[in-house]
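Participant: If you count by mature numbering (1 follows the signal peptide of the UniProt record, and there is no 0), then the sequence shown holds residues -21 to -1, 1 to 747, one letter each, in order. All C-beta atoms in this analysis are idealised placements derived from N, C-alpha and C, irrespective of residue type, glycine included. All figures in this text were calculated on a predicted structure; none of them were measured in a lab. Dropping a structure here in structure tokens format, bear with me for questions.
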Amino acid sequence: MIGVSIFPVVGLVLSAGSANAFIPSDLKTLMGIHGTSHMEQTRMAIRQLWETWYGDIPGWVPTNKNVLAMEEIAEANALVDDDQENGELHFDGESFQPGQERLIKLSDQVVSLSSSGDYVAARKSIGMALHTLQDFYAHSSWVEALNQKNAGDRIYPGLGYPNTMIYPLGPKVKTCSNCRAQAAVFCGDCDGNIKSVDLTSGYYSGEPAFKKKSSAKCSHGGPLDFSTTYDLGIIDSVLYVGQGINKDSSTCLWSPHRVLHYQAARLAVAATKDWINGRIYKRLPQNRADLLFGKEYENGSISDPSAPTVYDFRIGTLQPHKRDLVARAAVLDHKMHTVVMADNVHEYGKALVRARVGGNRKLYPIQILKRDAHEDEASHDDYGWREIAIATGGHLITFPENETAEANALLDILSRPNHAEILSVAAIGSEENPDSEFIFPIDSSLKSLVISTSGVSSFELFNPNGSTYSSSSTKDTNIRRVGNTIALNFTSMTIPPPGFYRISLKSTTRYTLSISGESSLSIVSFYLAEAGGRPQHRAYFPIPSYPIVGEKPMVKAHIHGNFTDAKFEFRTKGGALIASQDTVRREADPEDTATMFYGNSTAIPEGEFMAYFTGINDDGDEFQRVVPLMLSSSKLKLTAPIIQRLTAGEPQKVTIGLTNFNSIPDTYDVFAVDSKDSIIEVTHASVYLAPGASGSFDVYLLPKTNSTIGMTEIVFGAKGRTTQGNMSLQRFVLEPESKPLSYSRIKYHQYANETGQLIERLKMGKKR
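Rendered as structure tokens:
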């Protein structure tokens, strides 16, 4: 059997995006909404917790790993607002009991996932819980009750803790009066529209389990919340309209209690810190907690199979092909793993592997090792091994069996944490023109450098003055040659000085070139986004499929490190410039650990392309960084809902929409594949679409009750028979079978109609 392994080298996480239950994310320009977003609240809390946890460590500063972990949590938080049907996710409609149960279960789930080493799923679960926790302060009347009692800022005691349960008011208890209409503005005067100090929350239309039954109950509020009754009643010559109470933003049109927004956000940050520290961090062993929040990474050597961080796992059996994906993982960072796969895995299985390492926009250069001297025969369209490597900035490394040890040692060189990608090229040489040249900068932030090539017979590296610095034909101790791959490894002692260097390659076939190095200046996240989310909580969410040719989606990125000037560019995989991203602008936050860029991209080019980031660092050196994950475009739009979670034993239907923007008709063969064997039916084998026509297919999911809990992957795809297809890569948490919460741990039963007494006890210094 031919052994095949896939190795993600350096993961740079792509963060989330959007614009408003608090506002979901940073991109608040959609609909002109202002305030402190869920993502910002999450970052504020975690940055303050870093000081609490690590502030006493001499010389400690946040690293890329810390930022990556924080961004994963913040992204998962924002994505919850894509769910418009389940009120308990937002504490809407007085859903205090199910909302509290959700927080308790998610905290236990985080601890369980972290204990099993599934930190990605654990971070996603933290983000999902934080959205609910933070929405309590924006959607309930707790802030208003504190102010009525002159109690100052206090987080709600026991929120998210298993010793506390919160019980709502009865369905007939009146909680709100109408707001006063104001002729001079587009929003009402809702100050004082809450009838009492009793705890309540606003109802929101579209949440069937928590439907508003009376206009005497509070509404979420805003022009797109149809639970608000605009009966325009007139009492004593004053016009009354609506019953909204949300504090999601500081914009009056969307948030009736806008004047309390920043107080609610302040309390949400404090509650976030309390919950993360008390319900997660302190419940984990120190090494697990550090890994979860990115302080440490697990060391391990691929060439040492007995290393304690090398472990085995099984991705699962693919239906209907019954091919086991048997995996061996070496965790070199909280992002990295190697997958050793059985030979001849079906093409959809390869799509699943690509989803596993690239889904949800996670950035991993993948090195694929084949103990074989032959070329990869996979075609471009079947997501073959070479395509997986090229799409993520890696190499297809072929080598004879007697060089296995050398190949493993090479992987150790390519797998160093904190590496930033500088150049990523895939091209085809020829007998007529075997020479290719590329120019790249080395800047002062680089502490090491690795130049690696695959499919190249030789190369030369030239100094800025044109003289030869190194050649693959010399006996340079920095050069490693394994099979079809050559690597030039510079340590902190041997790295060349800053400047522009030229590398010349000789190849008569397909080749790849990668240049990376350890650096404090790196791309933390990069993604393309589109508007989405529930009404009134519209936001920019990451596009989970290929972007459409000619469209201009939102682009967002976070850059870690110091620089004075920079811009983004689209380039071909061969390195040629397509377009500079002049519209991308910088938003500086002095408290943030990274610089954010956002704006509309130039028109998406046809085919495959890369995103580069170039500029000047603080020392005046020109630098270059590249997002290793290759971007692909399509003229087939594939619309798939963002899956938040899947529960073992519970069926779920997903409808996938297709629109053909090609100038010719085509038949698209559709498929779906996942890592938990939960797909039971795809309703169509193919969909025929004329130019401009739309269609759809349904995928029915039913995870087995004995499924392994944790992060899972799913691919929805459509392959055109004559045109480019599209596919959506998604990663989400498979949750355990739903069971009633045990109330045996509950010590404090807190009733909404006793909120006033609770606040008075807190004012007297009592815990409850």
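Given a threshold of 16 other Cβ atoms within 10 Å of its Cβ, counted over all protein chains shown, does residue 796 qualify as buried or as exposed?
Facilitator: Lying outside -21 to 747, the shown extent of the chain, residue 796 is not represented and no answer is given.
Participant: Out of His17, Arg26, Ser86, which one is the CA nearest neighbour of Ala57?
Facilitator: Residue His17 is the option with its Cα nearest to Ala57.
Participant: Verify whether the separation of the beta carbon atoms of Asp60 and Ala555 is less than 8 Å.
Facilitator: The answer is no: Cβ separation not under 8 Å.
Participant: On the three-state DSSP scale, how would you describe Gln603?
Facilitator: Strand.
Participant: Which value, in whole angstroms, describes the spacing of the CA atoms of Leu311 and Gln127?
Facilitator: In this prediction, Leu311 has a pLDDT of 31, which is less than 50 and means its spatial position is unreliable; what the coordinates show is noted afterwards. Near 53 Å, if we compare the C-alpha coordinates of Gln127 and Leu311.
Participant: I believe Ser665 touches Leu637 by the beta-carbon criterion, under 8 Å. Please report the beta-carbon distance rounded to the nearest angstrom.
Facilitator: That belief does not hold up - the Cβ atoms of Ser665 and Leu637 are roughly 11 Å apart, past 8 Å.
Participant: Please name the residue in Gly671, Val649, Ser686, Asn705 whose C-alpha comes closest to that of Val678.
Facilitator: Here the closest residue by C-alpha is Val649.
Participant: Comparing the C-beta of Asp648 with each C-beta of chain D, is any distance below 8 Å?
Facilitator: Here there is only one protein chain, and chain D is not present.
Participant: I think Lys84 touches Leu720, with their Cβ atoms under 8 Å apart; what is that distance to the nearest whole Å?
Facilitator: That belief holds up - the Cβ atoms of Lys84 and Leu720 are roughly 7 Å apart, short of 8 Å.
Participant: Once you ignore the five residues that flank Lys742 on each side, which residues in its own chain have a CB closer than 6 Å to its CB?
Facilitator: Same-chain partners within the cutoff: Ala130.
Participant: Note down the Cα distance separating Gly96 from Arg102, rounded to an integer number of angstroms.
Facilitator: Their Cα atoms are separated by approximately 11 Å.
Participant: In this structure, how does DSSP classify Phe588 when only helix, strand and coil are distinguished?
Facilitator: Three-state DSSP puts Phe588 in a strand.
Participant: Below 8 Å on the Cβ atoms is my guess for Leu138 versus Phe115; work out the distance and round it to an integer in Å.
Facilitator: Rounded, the Cβ-Cβ distance is 6 Å, consistent with contact.
Participant: Report the rounded CA-to-CA distance for Val461 versus Ala368, giving the unit in angstroms.
Facilitator: One C-alpha to the other measures close to 17 Å.
Participant: Would the stretch 466 to 483 count as touching the stretch 403 to 410 if we require 3 or more Cβ pairs under 8 Å?
Facilitator: No, the stretch 466 to 483 is not in contact with the stretch 403 to 410.
Participant: What residue from Ser642, Ile134, Asp455 has the CA that sits closest to Lys252's CA?
Facilitator: Nearest of Ser642, Ile134, Asp455 to Lys252, Cα basis: Ile134.
Participant: To the nearest angstrom, how far is the alpha carbon of Ile693 from that of Leu708?
Facilitator: For Ile693 and Leu708, the distance between alpha carbons rounds to 6 Å.
Participant: Tell me whether the stretch 60 to 73 and the stretch 167 to 182 touch, counting them as touching only if at least three CB pairs, one residue from each stretch, are closer than 8 Å.
Facilitator: A contact exists between the stretch 60 to 73 and the stretch 167 to 182.
Participant: Checking 8 Å against the spacing of the C-beta atoms, do Asp422 and Asn596 come in under that value?
Facilitator: Yes, the Cβ-Cβ distance between Asp422 and Asn596 is below 8 Å.
Participant: Decide if the stretch 623 to 630 is in contact with the stretch 574 to 589; the criterion is three or more beta carbon pairs, one per stretch, under 8 Å apart.
Facilitator: Touching, no, given that fewer than three Cβ pairs across the two stretches are closer than 8 Å.
Participant: Going by other Cβ atoms of all chains shown within 10 Å of its Cβ, with 16 needed for buried, is Lys745 buried or exposed?
Facilitator: Flag for Lys745 reads exposed.
Participant: How should Met10 be labelled, buried or exposed, when 16 other C-beta atoms within 10 angstroms of its C-beta is the threshold for buried?
Facilitator: Because Met10 carries a pLDDT of 47, less than 50, the predicted location of this residue cannot be relied on, and the following value inherits that uncertainty. So Met10 counts as buried.
Participant: Is DSSP giving Tyr135 helix, strand or coil here?
Facilitator: DSSP places Tyr135 in coil when its eight states are reduced to three.
Participant: In this structure, how does DSSP classify Lys261 when only helix, strand and coil are distinguished?
Facilitator: Looking at Lys261 - three-state DSSP - the assignment turns out to be helix.
Participant: So what's Met23 in DSSP terms, helix, strand or just coil?
Facilitator: Helix.
Participant: Buried or exposed for Asn266, please, with buried defined as at least 16 other CB atoms from any protein chain shown within 10 angstroms of its CB.
Facilitator: Looking at its Cβ environment, which holds fewer than 16 other Cβ atoms inside 10 Å, Asn266 is exposed.
Participant: Give me the Cβ distance between Thr691 and Asp645, rounded to the nearest whole Å; I'm assuming they're in contact under 8 Å.
Facilitator: Rounded, the Cβ-Cβ distance is 31 Å, inconsistent with contact.
Participant: Kindly list the residues whose CB is nearer than 8 Å to the CB of Tyr241, restricted to its own chain and excluding five residues on each side of it in sequence; keep chain order.
Facilitator: Cβ neighbours of Tyr241 beyond the five flanking positions: Gly14, Thr15, Ser229.
Participant: Lys742 by DSSP, collapsed to three states: which one?
Facilitator: The answer is helix: DSSP assigns Lys742 an H, G or I state.
Participant: Spatial neighbours of Ser104 within its chain, please: C-beta separation below 7 Å, excluding the five flanking residues on both sides.
Facilitator: Leu85, Gln88, Val89, Leu92, Val712, listed in sequence order.
Participant: If you pair each beta-carbon of the stretch 437 to 451 with each one of the stretch 524 to 532, do three or more pairs fall below 8 Å?
Facilitator: No: the two stretches stay apart, fewer than three of their Cβ pairs being nearer than 8 Å.
Participant: Which residue spans inside the stretch 134 to 207 form an unbroken beta strand (DSSP E) run of at least 3?
Facilitator: For the stretch 134 to 207, whole beta strand (DSSP E) runs of length 3 or above, ordered along the chain, are 143 to 146.
Participant: Check Arg747 in the structure and name its three-state DSSP category.
Facilitator: Looking at Arg747 - three-state DSSP - the assignment turns out to be coil, as it is neither helix nor strand.
Participant: How many Å lie between Glu416 and Ile622 at the Cα?
Facilitator: Whole-angstrom Cα-Cα distance: 44 Å.
Participant: For Tyr727, I'd like the list of residues in its chain whose CB is within less than 8 Å of its CB, leaving aside the five on either flank, ordered along the chain.
Facilitator: Contacts found: Pro136, Gly137, Asn142, Thr143, Met144, Arg747.
Participant: What does DSSP give as the partner residues of Gly511 in its beta bridges?
Facilitator: BP columns for Gly511 point to Ala518.
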